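Novice:
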Amino acid sequence: MNLKELKELIEMLKDTDISEVEIERSGVKVRLRKGGDVTYHPAMPRMDYPPSAIIAPVVSETPAAATPAEKAAEPATSNQTKVTSPIVGTFYRSSSPEKPAYVEVGAVVKKGQVLCIIEAMKLMNEIESETAGKIVQILAENGQPVEYGEPLFVIEPA
Amino acid sequence: MFKKILIANRGEIALRVIRACKEMGIKTVAVHSTADANSLHVRFADESVCIGPPKSADSYLHVPSIISAAEITDAEAIHPGYGFLAENSSFAEVCNSTGIRFIGPSPESIKLMGDKAKAREMAVKAGVPVLPGSNGVVTEESSAIEIARELGFPVIVKAAAGGGGKGMRVVMAEADFANAFVMAQAEALASFSNADVYIEKYILQPRHIEIQIMADEKGNTVYLGERECSIQRRHQKLIEEAPSVIVDEGLRKRMGEMAVAIAKSVRYRNAGTIEFLMDEDRKFYFMEMNTRIQVEHPVTEMVTGIDLVKEQIRVAAGEPLSFSQDSVRVSGHSIECRINAEDPEKFTPSPGTITAFNPPGGLGVRVETAAYTQYVIPPYYDSMIAKLIVHAPTRDEAIMRMERALDEFIIEGVKTTIPMHRKILEDPDFRKGDISTKFMERYNTPAK
């Protein structure tokens, strides 16, 4: 999508009753809202950049801590289980910024193994896995505030 | 002024605080258990944080979850509402030490006035009449009976850490004293983890009259008139009104000034209520102080025109009171009915789905509720559906307005106490204002 196409799109939008339109092309998604900001974010994750650099926050008016139903991606198979947050706090993938993440997608974990840290009231709480299995998805982002019940990981039990 | 406030409560009071914040341009954070995910207070707040599973102990009473929720949302202050953590001095301390402003009095005031025996001592020191009784806690039955004899029966044995009608035993005659004393201690231990009890003279036909006070950070303390809350069942208030039929200007001034004296003596800040018991001769005695905004605060708002919750927020933000003692006027008459999801005769809880909900309207009618059609009343919390408040120029007109409003209030799917409220309002003694805390006994069904 180039600037010319974008300008044409904006012009078209002006003359219609449409208030919001989202277009996806060549790995780039564009959402236009009348009276609002334009945001870009990739439709699919790109392997050559670290995830946090690509994903720009989507401009919206929904509250910062969304309900679990809005945030969760549905697991593909029925025996997969979700690990949800047992407390309110801030989610961290590793014990400190310099250390590597406790788990990545594909990691095989044992029951009781630490999956992440949730910081609450200045205390670092290690969140342990209830089951042995494989990490299929990581649903929360590093540094994200999480509420009770917020989905964090999808695990395929062993 | 605060930019964002977290409301550590649920139901109608959470909505009440959210409304005040919105009108002041303050962002709101609602916290909720999983059972309350579809609540109105969650819906109308700017942000919400789920803090735990349904049980209160794991959610609305769980201090770490609430503080953590305030941290991740950058809330600058917490309004505790009433009940839950509103009178928990440790919670207030944790808030303050975490740099979050607790909207209410200091932890020390909460602790002091929360100890019923100490509160009595403070009242005595402030020159306020108290019911004759033991000076503080009595542990030995032998000294207790001596005190009871001196006071003259009937007496009441009360839990020092108590409230809400628990840990209390009325003793009509000496023969019943020993047993009642031990039972009261046991109940106090079970309900409040504290077996301390004290003894008071018991008035047979008392009226419950309470005074609303508000104090700012500079110590300016103003009384905002009285509320009469004599219509109670098992120490749970059913109907409240302002002003009281038997309180005239002079009595209001005397009681108000006493209330202010008590508040000042403990350097009280923010909203508070001093409860008095009044006997048939209009002699009043200090009972206890409630260090929070109360359920029945709307009737005071209706007769004074002052938004008490906004005032709480302003005071907590360091602003001076927006009124003075001279500017407060009590005008007209206001009545509130607490409508609960309970059987109107047995008062057993009736949770479930409200299939139809249509609150009344019209001039002088105010409804405070978080219920709506298809709302499922959870079984984990209190059974209040709504507070119905009316305001009219006279008490007679207020009663007519309340009857009219109750007739219009459609709540289907659960049992409600509306039929009981109608019965009370029709009662000739109620209409005359001839009431006391014994009023509801006339509806007790005789034992089979």
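Protein chains in written order, with my numbering: chain A, 1262 to 1419; chain B, 36 to 483.
From the three backbone atoms N, C-alpha and C, an ideal C-beta is built for every residue, glycine too.
As the structure is a prediction and not an experimental result, all values here were calculated from the model.
1) Answer yes or no: does any C-beta atom of chain B fall closer than 9 Å to that of residue 1332 (chain A)?
2) Strictly under 9 Å for the Cβ-Cβ distance: is residue 87 (chain B) near chain A by that measure?
3) Could you pull out every residue in the same chain whose Cβ sits closer than 7 Å to the Cβ of residue 50 (chain B), ignoring the five residues on either side in sequence?
4) Measuring CB to CB, does residue 247 (chain B) end up less than 9 Å from residue 332 (chain B)?
5) Can you tell me which residues form a DSSP beta bridge with residue 83 (chain B)?
6) Closer than 7 Å between beta carbons: that is the criterion. Which residues of the segment 1378-1397 of chain A meet it against chain B?
7) Please determine, among A:1266, A:1295, A:1415 and A:1380, the residue with the shortest C-alpha to C-alpha distance to residue 1356 (chain A).
8) Could you confirm whether any beta carbon from chain B is found closer than 9 Å to the beta carbon of residue 1411 (chain A)?
9) Any C-beta of chain A sitting closer than 9 Å to the C-beta of residue 104 (chain B)?
10) Beta-carbon of residue 1406 (chain A) versus every beta-carbon of chain B: anything under 9 Å?
11) Mind checking which residues open and close the alpha helix (DSSP H) that includes residue 218 (chain B)?
12) For residue 373 (chain B) versus residue 276 (chain B), is the C-beta spacing smaller than 9 Å?
13) Enumerated in chain order, which unbroken segments of the alpha helix (DSSP H) with a length of 4 residues or greater are wholly contained in the segment 370-410 of chain B?
14) Quick one: measure Cβ to Cβ for residue 94 (chain B) and residue 100 (chain B), integer angstroms, because I've assumed they're closer than 8 Å.
15) Does any C-beta atom of chain D lie closer than 9 Å to the C-beta of residue 1351 (chain A)?
16) From which residue to which residue does the alpha helix (DSSP H) around residue 332 (chain B) run?
17) Assuming residue 334 (chain B) and residue 370 (chain B) form a contact by the criterion Cβ under 8 Å, report the distance between their Cβ atoms to the nearest whole angstrom.
18) Can you list, in chain order, the residues of its chain whose CB lies under 8 Å from that of residue 1265 (chain A), leaving out five sequence neighbours each side?
19) State the start and end residues of the unbroken beta strand (DSSP E) segment that holds residue 449 (chain B).
20) Using the Cα positions of residue 1402 (chain A) and residue 302 (chain B), report the straight-line distance between them to the nearest angstrom.
21) Can you list, in chain order, the stretches of the beta strand (DSSP E) that have 3 or more residues and sit fully within the segment 256-329 of chain B?
22) Can you name the residues that DSSP bridges to residue 247 (chain B)?
23) What would DSSP say about residue 1398 (chain A), mapped onto helix, strand or coil?
24) Please list, in chain order, the chain A residues whose beta carbon lies closer than 7 Å to that of residue 100 (chain B).
25) So with CB distances below 9 Å, who are the chain A contacts of residue 383 (chain B)?
26) Find the residues of chain A that neighbour residue 69 (chain B), judging by a C-beta separation of less than 8 Å, and give them in chain order.
27) Here's the rule: buried if 16 or more other CB atoms are within 10 angstroms of the residue's CB, otherwise exposed. What is residue 285 (chain B)?
28) Give me whichever residues DSSP pairs with residue 60 (chain B) in a beta bridge.
29) Measure the alpha-carbon distance for residue 1404 (chain A) versus residue 135 (chain B) and round it to whole angstroms.
30) Give a yes or no on whether 9 Å exceeds the smallest Cβ distance from residue 297 (chain B) to chain A.
31) What are the boundary residues of the beta strand (DSSP E) that includes residue 365 (chain B)?
32) By alpha-carbon positions, which one of B:470, B:47, B:476 and B:40 ends up nearest to residue 263 (chain B)?
33) Confirm, please, whether the CB-CB distance from residue 167 (chain B) to residue 236 (chain B) is below 9 Å.
34) Enumerate in chain order the residues of its own chain whose CB-to-CB distance from residue 184 (chain B) is below 8 Å, with the five nearest sequence positions on each side excluded.
35) Compare the C-beta of residue 107 (chain B) against all C-beta atoms of chain A and say whether one is closer than 9 Å.
Specialist: Reading from the atomic positions:
1) As a position in the first sequence, residue 1332 (chain A) is number 71, starting the count at 1. The predicted model places residue 1332 (chain A) with a pLDDT of 41, which falls under 50 and marks its position as unreliable, so this point remains unresolved.
2) Counting from 1 along the second sequence, the entry for residue 87 (chain B) is found at position 52. By the rule that beta-carbons nearer than 9 Å mark a contact, residue 87 (chain B) touches chain A.
3) The residue labelled residue 50 (chain B) in the question sits at position 15 within the second sequence. 75, 76, 79 and 405, listed in sequence order.
4) Here residue 247 (chain B) is taken as the residue at index 212 of the second sequence, counted from 1. Here residue 332 (chain B) is taken as the residue at index 297 of the second sequence, counted from 1. Yes, the pair counts as a contact, with Cβ atoms nearer than the cut-off.
5) Taking the second sequence and counting its residues from 1, one reaches residue 83 (chain B) at position 48. Note: residue 83 (chain B) sits in a beta bridge opposite B:65.
6) Cβ contacts with chain B: 1381 and 1382.
7) Locating residue 1356 (chain A) in the first sequence gives position 95, where the first residue counts as 1. Nearest C-alpha to residue 1356 (chain A) among A:1266, A:1295, A:1415 and A:1380: A:1380.
8) Here residue 1411 (chain A) refers to the residue found at position 150 when the first sequence is read from its first residue. A Cβ of chain B is located within less than 9 Å of the beta carbon of residue 1411 (chain A).
9) Start at 1 with the first residue of the second sequence, and residue 104 (chain B) comes out as number 69. Judged by the 9 Å Cβ criterion, residue 104 (chain B) is in contact with chain A.
10) Counting from 1 along the first sequence, the entry for residue 1406 (chain A) is found at position 145. Any Cβ of chain B closer than 9 Å to the Cβ of residue 1406 (chain A) would place that residue at the interface, and such an atom is present.
11) Working through the second sequence from its first residue, we reach residue 218 (chain B) at position 183. Start and end: 212-227.
12) As a working note, residue 373 (chain B) is residue 338 in the second sequence. As a working note, residue 276 (chain B) is residue 241 in the second sequence. No; because the gap between Cβ atoms is not below 9 Å, this pair is not in contact.
13) You should have found no qualifying run.
14) Position 59 of the second sequence, counting from 1, holds the residue named residue 94 (chain B). Position 65 of the second sequence, counting from 1, holds the residue named residue 100 (chain B). 7 Å between Cβ atoms; contact.
15) Absent here is chain D; the protein component of the structure consists of chains A and B.
16) For the purposes of this step, residue 332 (chain B) is identified with residue 297 of the second sequence, where counting begins at 1. Note, residue 332 (chain B): alpha helix (DSSP H), 332-339.
17) What you label residue 334 (chain B) is simply residue 299 of the second sequence in a count that begins at 1. What you label residue 370 (chain B) is simply residue 335 of the second sequence in a count that begins at 1. The Cβ separation is near 7 Å, so the contact holds.
18) Numbered from its first residue, the first sequence carries residue 1265 (chain A) at position 4. Excluding sequence neighbours, residue 1265 (chain A) sits near nothing in its chain.
19) Residue mapping note: residue 449 (chain B) aligns to position 414 of the second sequence, counting from 1. Premise fails: residue 449 (chain B) is in no beta strand (DSSP E) and is neither H nor E.
20) By one-based count along the first sequence, residue 1402 (chain A) stands at place 141. By one-based count along the second sequence, residue 302 (chain B) stands at place 267. Rounded to the nearest angstrom, the gap between the Cα atoms of residue 1402 (chain A) and residue 302 (chain B) is 47 Å.
21) Counting whole runs of 3 or more residues, the segment 256-329 of chain B contains the beta strand (DSSP E) stretches 256-268, 271-277, 305-313 and 319-325.
22) Numbered from its first residue, the second sequence carries residue 247 (chain B) at position 212. Bridge pairing for residue 247 (chain B): B:308 [DSSP].
23) For the purposes of this step, residue 1398 (chain A) is identified with residue 137 of the first sequence, where counting begins at 1. Three-state result, residue 1398 (chain A): strand.
24) Along the second sequence, read from residue 1 onward, the residue named residue 100 (chain B) stands at position 65. Those are 1348, 1349 and 1409, listed as they occur along chain A.
25) Mapped onto the second sequence, residue 383 (chain B) falls at position 348. For residue 383 (chain B), there are no neighbours in chain A by C-beta distance under 9 Å, as the nearest C-beta there is about 31 Å away.
26) Within the second sequence, residue 69 (chain B) is the residue found at index 34, counting from 1. Within 8 Å Cβ-Cβ: 1409 and 1410.
27) Counting from one through the second sequence, the residue named residue 285 (chain B) turns up at place 250. When all chains shown are included, residue 285 (chain B) counts as exposed.
28) Indexing the second sequence from 1 puts residue 60 (chain B) at position 25. Under the DSSP definition of a beta bridge, residue 60 (chain B) lacks any partner.
29) Stepping through the first sequence from its first residue, residue 1404 (chain A) is reached at position 143. Stepping through the second sequence from its first residue, residue 135 (chain B) is reached at position 100. Within the model, the alpha-carbon separation for residue 1404 (chain A) versus residue 135 (chain B) is close to 21 Å.
30) Walking along the second sequence from the start, residue 297 (chain B) turns up at place 262. With its beta carbon at least 9 Å from every one in chain A, residue 297 (chain B) lies outside the interface.
31) On the second sequence, position 330 is the one that residue 365 (chain B) refers to. It is not in any beta strand (DSSP E) - residue 365 (chain B) carries neither H nor E in the DSSP assignment.
32) For the purposes of this step, residue 263 (chain B) is identified with residue 228 of the second sequence, where counting begins at 1. For the options B:470, B:47, B:476 and B:40, the alpha carbon positioned closest to that of residue 263 (chain B) is the one of B:470.
33) By one-based count along the second sequence, residue 236 (chain B) stands at place 201. By one-based count along the second sequence, residue 167 (chain B) stands at place 132. Yes; because the gap between Cβ atoms is below 9 Å, this pair is in contact.
34) Your numbering for residue 184 (chain B) matches position 149 in the second sequence. Contacts found: 209.
35) Translated into the one-based positions of the second sequence, residue 107 (chain B) becomes position 72. Among the CB atoms of chain A, one or more fall inside 9 Å of the CB of residue 107 (chain B).
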